[in-house]
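Below is one structure, written out as structure tokens; comments come after it.
Chains as they are written, first to last, in our numbering: chain R, 192 to 505; chain G, 192 to 505; chain E, 3 to 189; chain V, 3 to 189.
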């Protein structure tokens, strides 16, 4: 067991401890206020889902780049399934949809695995963007062309491109940080999920002023600011896992939280547009898969690019 | 006058000769069959527009990178204007539209000018893609959210990102080809426009079998194959201008023609979806600006990436 | 695949599930989302003129899914479909039927129901008739495509329905159609 | 900016251009797309209660565009707007008027026309009434925004209209409204 795996296990054990505590609190609350209370029910369902995520993360991270690539490829697959299920595509889009699942996902994650940054950074936003509409156009059905194509492109950007930047963190080469890149993923995931929990709790306790009532009635300034500060503290205190100083780690956490927040808003707007409340029902209490991933989605590529630009040599 | 400028002038003079011949033929045809014949009228209007383009290209290329960047920034601006005029955006999109014109275009061409490939290759497809919907979402109007955002994103990809890859050719560093990069632009433009003319003529003469009758009734297999072969011959015979062997130049011409053809199909599909025949009326006989650029749009980034990957050292 | 029990619970009582029909995989999908206890006692009602045309189909239809195979051709058949369904029900089975009688290729709504559902309900009025809406299965593999796409299919079980006293055929079938459409919205 | 002469040619004859009104820049736009020969003889009819409220506006409205300034407030005005328009027409000017009387903020269609157009047509029935549709100007700079976006605005000139013998006010105004809407489609 090298230093990175030891640190990672420490982190996972720490998270396990937090979740044990959270599960206990959840059980006590359920006991006192009744298991039927919707807030407590929701809280306990979230805690259960986090258990699953922590265990999965632990498994995947232990197996390194291959494990993380496979795990996130499956996340992309599940997310893409949810996203495309909600789209209003037609028969003429069938080939484009099939290509999304069976060509774009494997190619993107293969490129991630071979660490070909020059191609995986543009394969979906440039090549899939330009080629996908060709497949659709050749079928000759032009009704709502732009919006149908856009749905597939958004699905690919959100569910595949953005998500794939999480395992892509493993391909960075940071001097003095060799072999420890998995910890960058752990940092990102813990900060995002920590910020989500913190925003939820601060919002429940002190939430008054809604930020975007039309989009996401549960998002309040109090919840966001409290959650962001908490996440910055979490980030700074995890700097020992990362190549960042505590100050840098706090700043990174802030960027992650900000992009996660905006990502949540945009994904809410897409859901509103579609007339649904959740992306799906995959994880009990968490809505769909995308509902849990949405904060990671927007922050992953930004975190990746910042880390790559300022710290990585490739 | 160095070697590149001399070659460029040779090319432009050659084109001027071709256009003089074309203008004469056009005048004779108009005289014989009557100037009111719509096909001949269209042909002569095209020839006039090509005169303007050749003169502009000559001016811009003579002034090197700065000239080409400015020329293509204006092309992007004019194209974006046409594209967004046809979109069905709302008041809530106003800031996003303003940012497209006054932030995205200048930033993209500034990055092109500073030759920062790492950023200009992802600025629009990744950053504008993720940030634009945030601006829109914050205004709180979620009706048709995805399709409104998609229209702006498509406009930026087509009119700014793709077009900007033409002047980006100047930033490539090809050993033994120093100072001659402007000729790559000339090669691309001559092949694309030559293929357009050739497809038009072959289609008029032998066109029988329609390729995509629902999208573009004037596109026939005979016209496409004849035009593609002509363009390959043009490309191969221009190889002395380029770092390619005649075979490579012919292959490049083929890729350019193929992408140009597909680009034309996709842009037709978007026009059909919008219920318009042309993008605008900027150039007499050529419809709008985008109608002339559409073949360049899809081929420019592919030509750029192929040249960069196989020939350039940066 | 997701099952939503919107109008009734997955209790192990005898039922007739009637569903919209857009894909050959429809009854497999319903059968799959039923809890094992219910699944074992549930038999699909399927077209003999399709399922008996090859040994493989015959094996799948008769032996794997234990289908009640009826003949859709009134002039060629020897047994009455409704009598076959009643016989299966009297033997204790729950049934899956597609009252549209054929796959709906229009991409929306429902085709007019055949009368079999009414005749069954008239003869066995106590059995629950459960509307079941299947969503997306036709998008997974539209007719003529060869690659299926893994979208999420949902099966929604609506509120059970019974023939009311004195209700005539047209009124009942209209009510059943409306109940199935309402189930679609309950997803 | 693009001008389309769909229903008439830009001949230098006396006309009344009546247009939809979505933006304060509307008459400037029409004025700009008119050929110079026509432009010199064309005067916009504008609201005095807006254009006389500051010295700068007054200078622009009165001296730059040579506007016929009418007062929209029936109780406060000293001159009859229609009489002012007739006087300007009798002096040889073409006019630009916005029969909706105010900017249409609804984002679609037209507001009900004021009666001025009818009264003018009744008194000077020989003058061409040309419907003019202005598209996109309100998208360039919606109310409340500070950055204009450079979209392409189009001005479409439709087929001239005249008051028919015995036509009453409502019929005529309905016909004028329909002609303006039809001009929108002729772009």
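All C-beta atoms, glycine included, are put in the ideal place defined by N, C-alpha and C.
- 278(G) is the residue among 374(G), 278(G), 383(G) and 349(G) whose C-alpha sits nearest the C-alpha of residue 142(V).
- Taking a C-beta distance under 8 Å as the contact criterion, residue 260(G) and residue 324(G) do not qualify as a contact pair.
- Identification of residues in the region 134-148 of chain E having a C-beta nearer than 7 Å to some C-beta of chain R yields 138, 144 and 147, given in sequence order.
- Under the DSSP assignment, residue 57(V) falls in the alpha helix (DSSP H) whose first and last residues are 57-60.
- Rounded to the nearest angstrom, the Cβ distance from residue 270(R) to residue 326(R) is 21 Å, too far for a contact under 8 Å.
- A contact is defined here as three or more CB-CB pairs under 8 Å, and the region 328-345 of chain G fails this definition with respect to the region 372-388 of chain G.
- In this chain, residue 170(V) is not harboured by any beta strand (DSSP E), its DSSP state being neither H nor E.
- Here residue 423(R) is not near residue 452(R), since their CB atoms are 8 Å or more apart.
- Against chain G, the beta carbon of residue 154(V) has neighbours under 8 Å at 272, 273, 276 and 471, listed in chain order.
- Near chain V, meaning a CB-to-CB distance below 9 Å, no residue of the region 329-361 of chain G qualifies.
- Annotation note: the region 353-415 of chain G contains the following uninterrupted alpha helix (DSSP H) runs of length 4 or greater, listed N- to C-terminal: 354-359 and 373-397.
- Membership of residue 44(V) in any alpha helix (DSSP H) is not indicated; the residue belongs instead to the beta strand (DSSP E) covering 44-49.
- Bounds of the beta strand (DSSP E) holding residue 99(V) are 96-99.
- Looking at 417(R), 416(R) and 398(R), the one whose alpha-carbon comes closest to that of residue 409(R) is 398(R).
- Rounded to whole angstroms, the gap between the alpha carbons of residue 127(E) and residue 77(E) is 28 Å.
- Contact between residue 341(R) and residue 236(G) is absent: CB atoms are separated by about 34 Å, not below the 8 Å threshold.
- Beyond the five residues adjoining it in sequence on each side, residue 306(G) comes within less than 7 Å, by CB distance, of 362 in the same chain, given in chain order.
- Distance from the Cα of residue 209(R) is smallest, within the candidate group 266(R), 292(R) and 242(R), for 242(R).
- The beta carbons of residue 105(E) and residue 70(E) sit no closer together than 8 Å.
- Interface flag for residue 281(G) against chain R is unset, since no Cβ pair is found closer than 8 Å.
- Residues of chain E whose Cβ lies closer than 7 Å to the Cβ of residue 289(R) are, in chain order, 149 and 151.
- Around the C-beta of residue 231(R), 16 or more other C-beta atoms lie within 10 Å, and the residue is accordingly described as buried.
- Of 347(R), 370(R), 454(R) and 486(R), the smallest CA-CA separation from residue 255(R) is found for 370(R).
- For residue 238(R), the CB contacts under 6 Å within the same chain, skipping 5 residues up- and downstream, are 213, 214 and 217 in chain order.
- Under the 8 Å Cβ criterion, the region 157-169 of chain E counts as touching the region 117-134 of chain E, having at least three qualifying pairs.
- About 32 Å separates the beta carbons of residue 61(E) and residue 123(E), which is beyond the 8 Å limit, so they are not a contact pair.
- Judged by beta-carbon spacing, residue 20(V) lies within the 8 Å limit of residue 182(V), meaning their Cβ atoms are closer than that value.
- Looking from the CA of residue 415(G), the closest CA among 427(G), 426(G), 406(G) and 402(G) belongs to 402(G).
- The C-beta of residue 405(G) comes closer than 8 Å to at least one C-beta of chain R.
- With contacts defined by Cβ atoms closer than 8 Å, residue 98(E) and residue 32(E) form a contacting pair.
- For residue 317(R), the C-beta contacts it makes with chain G under 7 Å involve 316 and 492, in order along the chain.
- Per the coordinates, the alpha-carbon of residue 347(G) lies some 43 Å from the alpha-carbon of residue 203(R).
- A distance below 8 Å separates the beta carbons of residue 9(V) and residue 161(V).
- Residue environment: residue 148(V) is assigned as exposed (fewer than 16 neighbouring CB atoms within 10 Å of its CB, all protein chains considered).
- A check of alpha carbon separations from residue 500(R) across 257(G), 299(G) and 310(G) identifies 310(G) as the nearest.
- One alpha carbon belongs to residue 14(V), the other to residue 244(G), and they sit about 35 Å apart.
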